[in-house]
Each structure stands twice: as structure tokens, then as C-alpha cells.
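Trainee: Structure below; questions to follow.
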Ligand code: ADP
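In my numbering, the protein residues as written are 495 to 890.
Okay, structure coming up:
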């Protein structure tokens, strides 16, 4: 069967009307980030925030219209409520293919005039209040493939096992991996079309763009779209009261990291690195970014530190051991602990069976729990200090 083309998809979407402007969806500038790959079609409908919830039927109609085209095997439309979206979309800001790659160091060069209103506030400006969420901890890394997401997953589950109420937000819009690591699939329910009821693993609510978009298809996201998608995942998901929301950031220092660092009241950031990467520029850039926007760095986790032979238990220090601790000290950040390079961690992580949950008695799970205790102690210190209250003097 012939493969569907982008222009066929656009033509199908032209048959639908935007109730707001009375124009068709394409003319109204609502259709953004179209990706057509092997019969799988994905796009974003950028709508006025005031209209957001009401447009769920339109989103569904758009999906159905595309799905009805010959050669289409799947269609996914995502609504992003976006102030000033229509003028920006009317030809001013071209979509850039960020691909699936992991260097999104493009900052805000997409900030065309209409999009400028979407820029994050400068440091010191007010951040979004997220009632019911006591603390937000970002898990970051200088580059991809160092085990940041695996660490974030196990950290969230270890904190939950510690008795805290924990949530997981996968902020990697370009390459979401939490659905796979947590062993979750399927679009979450949204009975009112506005709030999202997140999937849960061991009581931990998990939200990821990966529940809406197929993992192997790269979406095209412009800077402002990243921001609005992230803010909606934060605000519209029924997180419930949480002691701690863990945010799995994409690697590096791009739009998503800046949005989270500048618009969300982060309690702090945990930086994950492998021993051989710790001294490299990527990690230094990540540290510098958080410092620049006044996000406390809770500390550094060294992942894939020692190799424990699965047969004999012998520990091999493939990369110079202790380097991460020394480098952390050099950069004046706390060392939160280390996780071995271990086949069981890789297998469980890739099978969607996090080791902390499925093998809680293993030494690997214990290493994550140890790190979780350190992370929470550092977060609590920030929370206590963050009230900016002077010491209370009590007269006896
Ligand atoms: P990132 O989020 O930094 O891109 P991932 O968490 O996706 O990294 O991990 C990359 C790969 O490394 C995955 O296959 C994962 O299973 C594996 N991995 C992560 N941590 C470890 C570890 N400590 N030991 C062995 N494999 C690991």
C-alpha cells in the first residue's frame, strides 16, 4: 500500500474547522510538528489555553480524519495549550527537527516575536506554584546514555519505599524512556478531557509524553512547544499530594532543562554521570546551568562505577575509582553515592522491571536506596532553608 504523505495529512486536516477562528485547522495555524513515518502520523494542535479542554473532541476528530486516510496505521494528535500560538504558527516560526538525538543545546533561538511572551521568566521572577507538591527534584546529566533515566526510576521507587509519596515526570520530550523503564504503555485516562489520571507503578504516578507518542518516532518540538507541553504535564496531571516529584530531564542543557529550571520551583537537581564522563565539559555545563538559574545542586551520583562480575563477584574498577567523588569535591558539590555497572540493572531496566521494585533484596537495590536517603536528606535541608525564616528564639 502506498505510504501516506505529509500533504495528504494536511489536506485531511484542512477538512476540519477550528471553532475559535472558524477557519480550517491548517489555515488557523493549529497544526504543528507534523511527523509522518512509515504510516505513523503524529502532530500537535497548538490551541489557545482558554479553549484547551473544550478542544478534546477536535483532537479526536483530527486523529480520526488522519486515520481514515489510506496508508495510515496510527495517528496521534497532542493538544498543547499555547498562548499566542496562532500568530507564531502562521508562518513565522519554522519547525525544527530536533530528532531523537540528545544534544538540544539550542536555547531559545526560536524566540520569534510572538513566541517571546512564552519565554521563561528571568531568574528571580515568580515561578509556577504547584499546590500539593512539596518538593521537586530534577535528575539531570551532561549527556545521554549515562543511566540518568534508570537512576531516576529507581530513585523514585526507593523514595516511595522509604514512605514518601513520590511522582515521576518524564521531561524528556525528545526521547522519553520512563514508559519503557517503568513497564507502562497506553494513553492515560482523562475523563473530563482536561485532567490526566496518570498510570501508577507501586503507587508512584508516572507521566511521560511517551504515553502519547510512539517511542521510535521523533516529534518535532519548537522551543515554546516544549515549554507548554512540560507545563501542562505538570499542571494537568492529577499527581495527588506528593512529598516529592522526580523529574527525569533530557540530557544536556536545552529548552526543557531551562523551562524546568526557570519556571518550576525546583528544590534541587541530582546530576548523574559515569566515572569517565565526570570531568568532561558536558557535566560542567550542566552544573553551570543550574548554578546560573539558582537551582541548588543536591549532589552527584556516579553510575556504572565498579563492575561486579556476575559469576565470581569480583569487583573490577574499569574506570579509575574514586574519581567522581574527587571531581565532585573539586566542583564543590556533594557526592550522593555510586551504582555499579551491573548486568542485572541493565536487564531489569530494559525489561521495565525496576530493580528496586522487583529485586528489593539485591545489593543493587540497596545502592539506590542509599542514594535515595542521601538525596532526600539534601532535599530536606533545602526545604528547611528555603523558608528563609530566621531561627526562632524561644524564651524559657
Ligand atoms: P540515560 O537516561 O542517561 O540516557 P538510561 O537510563 O536510558 O540512560 O541507560 C542507558 C542504558 O544503560 C540502558 O540500557 C540501561 O539499562 C543501562 N544502564 C543504566 N545504568 C546501568 C548500570 N548501573 N549498570 C548497567 N547498565 C546500566
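Using N, Cα and C, we set each Cβ at its ideal position, and we do this for glycine too. No experiment lies behind these values; they were computed from the predicted model shown.
(1) Tell me the rounded alpha-carbon separation between residue 799 and residue 770.
(2) Tell me the DSSP secondary structure of residue 646 in three-state form.
(3) Shorter than 7 Å from the beta carbon of residue 667 to some beta carbon of chain B?
(4) Rank 545, 676, 863 and 849 by C-alpha distance to the C-alpha of residue 687 and give the top, closest one.
(5) Quick check on the burial criterion: 16 or more other C-beta atoms within 10 angstroms. Buried or exposed for residue 811?
(6) Between the beta-carbon of residue 830 and the beta-carbon of residue 793, is there less than 7 Å?
(7) Does at least one heavy atom of the ligand ADP sit under 6 Å from the Cβ of residue 764?
(8) If you draw a straight line from the alpha carbon of residue 790 to that of residue 759, how long is it in whole angstroms?
(9) Buried or exposed: where does residue 693 fall if 16 or more other Cβ atoms within 10 Å of its Cβ makes it buried?
(10) Taking only the alpha-carbon atoms, compute the straight-line gap between residue 762 and residue 629 and give it to the nearest angstrom.
(11) In this structure, what does DSSP give as the bridge partners for residue 831?
(12) Measuring only from the beta carbon, is residue 798 closer than 6 Å to any heavy atom that is part of the ligand ADP?
(13) Relative to the C-alpha of residue 551, which candidate in 503, 562, 510 and 516 has its C-alpha closest?
(14) So what's residue 503 in DSSP terms, helix, strand or just coil?
(15) Of the choices 536, 778 and 525, whose alpha-carbon is the least far from that of residue 823?
(16) Quick check: the stretch 840-852 against the stretch 726-734, are at least 3 beta-carbon pairs closer than 8 Å?
(17) Would DSSP call residue 557 helix, strand or coil?
(18) Among 515, 530 and 704, which residue has its Cα nearest to the Cα of residue 502?
(19) Have a look at residue 571 and residue 624 and give me their C-alpha separation to the nearest angstrom.
(20) Using 8 Å for Cβ pairs, my map puts residue 846 next to residue 745. What's the rounded Cβ distance?
(21) Relative to the C-alpha of residue 556, which residue among 538, 697, 683 and 801 is closest?
(22) Let me know if residue 559 comes out buried or exposed under the rule of 16 or more other beta-carbons within 10 Å of its beta-carbon.
(23) Heavy atom of the ligand ADP less than 6 Å from the Cβ of residue 642, yes or no?
(24) Output needed for residue 862: all residues of its chain with C-beta closer than 6 Å, excluding positions within five of it in sequence on either side, in chain order.
(25) So what does DSSP say about residue 720, is it helix, strand or coil?
(26) Flag residue 836 as yes when its Cβ comes closer than 6 Å to any non-hydrogen atom of the ligand ADP, and as no otherwise.
(27) Please go through the same chain and pick out, in chain order, the residues whose beta-carbon is closer than 6 Å to the beta-carbon of residue 634, but skip the five residues on each side of it.
(28) Going by DSSP, what residue range makes up the alpha helix (DSSP H) through residue 664?
(29) Classify residue 690 as buried or exposed, calling it buried when 16 or more other Cβ atoms lie within 10 Å of its own Cβ.
(30) How many whole angstroms separate the CB atoms of residue 656 and residue 697, which I take to be in contact at a CB cut-off of 8 Å?
(31) Could you have a look at residue 510 and say whether DSSP puts it in helix, strand or coil?
Mentor: Put simply:
(1) On the chain shown, residue 799 is found 305 positions in, with the first residue counted as 1. On the chain shown, residue 770 is found 276 positions in, with the first residue counted as 1. If you draw a straight line from the Cα of residue 799 to the Cα of residue 770, it comes to about 9 Å.
(2) Locating residue 646 in the chain shown gives position 152, where the first residue counts as 1. Helix, per DSSP.
(3) Chain labels in this structure do not include chain B; a single protein chain is all it has.
(4) Against the chain shown, residue 687 aligns to sequence position 193. Taking only the C-alpha atoms, the option nearest residue 687 is 545.
(5) For the purposes of this step, residue 811 is taken as the residue at position 317 of the chain shown. It is exposed - the Cβ of residue 811 has fewer than 16 other Cβ atoms within 10 Å.
(6) The residue given as residue 830 occupies position 336 in the chain shown. The residue given as residue 793 occupies position 299 in the chain shown. In this structure, residue 793 lies closer than 7 Å to residue 830 by Cβ.
(7) Residue mapping note: residue 764 aligns to position 270 of the chain shown, counting from 1. Answer for residue 764: no, Cβ out of range of the ligand ADP.
(8) Here the question's residue 790 lines up with position 296 in the chain shown. Here the question's residue 759 lines up with position 265 in the chain shown. So the alpha carbons of these two residues sit roughly 11 Å apart.
(9) Counting from 1 along the chain shown, the entry for residue 693 is found at position 199. So residue 693 counts as buried.
(10) In the chain shown, the residue the question calls residue 762 occupies position 268. In the chain shown, the residue the question calls residue 629 occupies position 135. About 9 Å.
(11) For this step, residue 831 is matched to residue 337 along the chain shown. Answer is 795, bridged to residue 831.
(12) Within the chain shown, the letter at position 304 stands for residue 798. Flag set: Cβ of residue 798 near the ligand ADP.
(13) Here residue 551 refers to the residue found at position 57 of the chain shown. For the residues 503, 562, 510 and 516, the minimum Cα distance to residue 551 belongs to 510.
(14) In the chain shown, residue 503 corresponds to position 9, counting from 1. In this structure, residue 503 counts as helix in the three-state DSSP scheme.
(15) As a first step, residue 823 is located in the chain shown; it is residue number 329 there, counting from the start. Answer by Cα proximity: 778.
(16) no
(17) As a position in the chain shown, residue 557 is number 63, starting the count at 1. Three-state DSSP puts residue 557 in a helix.
(18) By one-based count along the chain shown, residue 502 stands at place 8. Considering only alpha carbons, the answer is 530.
(19) In the chain shown, the residue the question calls residue 571 occupies position 77. In the chain shown, the residue the question calls residue 624 occupies position 130. Rounded to whole angstroms, residue 571 to residue 624 spans 27 Å at the Cα level.
(20) Along the chain shown, one-based indexing puts residue 846 at 352. Along the chain shown, one-based indexing puts residue 745 at 251. Rounded, the Cβ-Cβ distance is 21 Å, inconsistent with contact.
(21) Here residue 556 refers to the residue found at position 62 of the chain shown. Nearest option by C-alpha distance: 538.
(22) Counted from its first residue, the chain shown places residue 559 at position 65. Classification for residue 559: buried.
(23) Looking up residue 642 in the chain shown gives position 148. Yes, the beta carbon of residue 642 sits closer than 6 Å to at least one heavy atom of the ligand ADP.
(24) Here residue 862 refers to the residue found at position 368 when the chain shown is read from its first residue. If we look at residue 862 and ignore the five residues flanking it on each side, its Cβ neighbours are 648, 652 and 850.
(25) To locate residue 720, count along the chain shown from 1; it is residue 226. Correct three-state label for residue 720: helix.
(26) The sequence position of residue 836 within the chain shown is 342, counting from 1. Correct: residue 836 has its Cβ closer than 6 Å to the ligand ADP.
(27) Numbered from 1 along the chain shown, position 140 holds the residue referred to as residue 634. Within the same chain, residue 634 has close Cβ partners 743, 763, 765 and 780.
(28) Here residue 664 refers to the residue found at position 170 when the chain shown is read from its first residue. Looking at the DSSP string, residue 664 is not in any alpha helix (DSSP H); the run it does join, the beta strand (DSSP E), is 660-664.
(29) For this step, residue 690 is matched to residue 196 along the chain shown. Per the 10 Å Cβ criterion, buried.
(30) Residue 656 sits at position 162 when you count from the first residue of the chain shown. Residue 697 sits at position 203 when you count from the first residue of the chain shown. Taking 8 Å as the upper bound for CB-CB distance, residue 656 and residue 697 are not in contact here, some 12 Å apart.
(31) Numbered from its first residue, the chain shown carries residue 510 at position 16. Correct three-state label for residue 510: coil.
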